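Quick note: the sequence shown uses numbering that gives the first Met the number 0, first residue 0, plus one each step.
Ideal Cβ positions, reconstructed from N, Cα and C, are used throughout, including at glycine.
Nothing here was measured: the structure is a model prediction, and the numbers come from that model.
In what follows, a single structure is set out as structure tokens and then discussed.
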Amino acid sequence: MSVRTSRTRLVSGAASLVAAACSLTACNDSGVIDTATGPSLRAAAPAAAADSSTSTAPSADAGGTTGSASQEPAAAPRPTAPKPATGTPTPKTPAAPAAAEPATCEGSNTATTAAPLNRPVNHLLLTVTNTGSGTCYLYGYPAVRFGEAQSVPPVITDSKPQAVVTLQPGESGYASVNLSSTDGTDGSNGHTVNSLTVYFHGPSGNESVGTGAHPSLPAEGAYVDDSLKVGYWQQSLDDAVSW
Numbered sequence: 000m001s002v003r004t005s006r007t008r009l010v011s012g013a014a015s016l017v018a019a020a021c022s023l024t025a026c027n028d029s030g031v032i033d034t035a036t037g038p039s040l041r042a043a044a045p046a047a048a049a050d051s052s053t054s055t056a057p058s059a060d061a062g063g064t065t066g067s068a069s070q071e072p073a074a075a076p077r078p079t080a081p082k083p084a085t086g087t088p089t090p091k092t093p094a095a096p097a098a099a100e101p102a103t104c105e106g107s108n109t110a111t112t113a114a115p116l117n118r119p120v121n122h123l124l125l126t127v128t129n130t131g132s133g134t135c136y137l138y139g140y141p142a143v144r145f146g147e148a149q150s151v152p153p154v155i156t157d158s159k160p161q162a163v164v165t166l167q168p169g170e171s172g173y174a175s176v177n178l179s180s181t182d183g184t185d186g187s188n189g190h191t192v193n194s195l196t197v198y199f200h201g202p203s204g205n206e207s208v209g210t211g212a213h214p215s216l217p218a219e220g221a222y223v224d225d226s227l228k229v230g231y232w233q234q235s236l237d238d239a240v241s242w
């Protein structure tokens, strides 16, 4: 090989290297690398990496959060139940009914019964029970009328109690009636009666007040004669039957 041929190959190879370098970098018209217009390969790599990292990272400003896009929405607030009353209202106590004014015992506010007594014989026991709502007073003695009699029998004066008989609701007062003579010597005009009416006296003891009572007599009636008389009203049964 001649020296000229070798020189020619060396020149061709150098030109190829220069062309390759220019293809990879920016060269000016004279074939020299222009550093002002083309950045180096080594400097370009970090920039590309930076662009790649910033393009994939989520932005905090995009949606206000950095969480997953599939996050569930917050649950709606539940309604609050009303609170029960802390105190129980006190029921009002109804006012007690006013007590009835005291009254005279008579047929409309009492119940009267008549029952024969074994002892003393020929006696009838009258029992008067207060059926009203207030106190009533049994004044004096019972004014009794047997059958169709036109007058009431006299009272046994010694049987008068020390105080007026006072009956609270449900309480009873008593009086005995001497129907006939026990030995048959003092009485006359004896006969059997089948009805009885009892009248009540007022505070003065002289007048009849209210309505009368009509207690039933035994089925066989009651035998009376002219010795018929009555005792005063008594607070106790024992006091009544002692006359």
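Problem set entry | Simplified DSSP assignment, three categories, for A218 | coil
For this session: Ignore the nearest five residues each way along the sequence and tell me which others in V208's own chain have a CB closer than 8 Å to its CB.
Result: T103, E105, F199, H200, G201
For this session: Would you list the residues sitting across from Q233 in a DSSP beta bridge?
Result: Y173
For this session: For A59, name the three-state secondary structure that DSSP assigns.
Result: Its pLDDT being 41, under 50, A59 is placed unreliably by the model, and nothing is read from it.
For this session: Determine the direct distance from the alpha carbon of T92 to that of L124, and round the result to whole angstroms.
Result: 45 Å
Problem set entry | Top-ranked residue by Cα proximity to A174, from L236, S187, A212 | L236
Exercise. By DSSP, does V158 sit in helix, in strand, or in coil?
Worked result: A small correction: the amino acid at residue 158 is Ser; Val does not occupy that position in the sequence shown. It is helical.
For this session: Have a look at P160, H190, T128 and flag the residue whose alpha-carbon is nearest the alpha-carbon of T109.
Result: T128
Exercise. Relative to the alpha-carbon of N193, which residue among S203, S107, G220 has its alpha-carbon at the smallest distance?
Worked result: G220
Problem set entry | Of the residues T196, G131, S226, the one placed nearest T165, counting alpha carbons only | G131
Exercise. Where does V164 fall in DSSP's three states?
Worked result: strand
For this session: Give the C-beta separation of S179 and Y222 to the nearest angstrom, bearing in mind that I take them to be a contact with Cβ-Cβ under 8 Å.
Result: 6 Å
Exercise. In this structure, does DSSP put A239 in helix, strand or coil?
Worked result: helix
Exercise. How would you call Q233, buried or exposed, if buried means at least 16 neighbouring beta carbons within 10 angstroms?
Worked result: buried
Exercise. Residues bridged to P115 by DSSP?
Worked result: L123
Exercise. Can you tell me the Cα-Cα spacing of D182 and D238, whole angstroms?
Worked result: 23 Å
Exercise. Which of helix, strand or coil does DSSP assign to K228?
Worked result: strand
Exercise. Excluding the five sequence neighbours on either side, which residues of its own chain have a C-beta within less than 6 Å of the C-beta of A212, listed in chain order?
Worked result: G106, T111, V197
For this session: Below 8 Å on the Cβ atoms is my guess for S241 versus A113; work out the distance and round it to an integer in Å.
Result: Rounded, the Cβ-Cβ distance is 18 Å, inconsistent with contact.
Exercise. With a cut-off of 9 Å, does the C-beta of Y231 fall near any C-beta of chain B?
Worked result: Given the protein chain composition of this structure (a single chain), no chain B is represented.
Problem set entry | Pairwise C-alpha distance: T156 and E147 | 25 Å
Exercise. For S203, does the count of other Cβ atoms within 10 angstroms reach 16, so buried, or fall short, so exposed?
Worked result: exposed
Problem set entry | Proximal residues to K228 (C-beta, below 6 Å), its chain only, five neighbours per side dropped | P152, P153, I155, N177
For this session: Please classify P119: is it buried, with 16 or more other beta-carbons within 10 angstroms of its beta-carbon, or exposed?
Result: exposed
Exercise. Alpha carbon to alpha carbon, what distance is there between Y136 and A142?
Worked result: 15 Å
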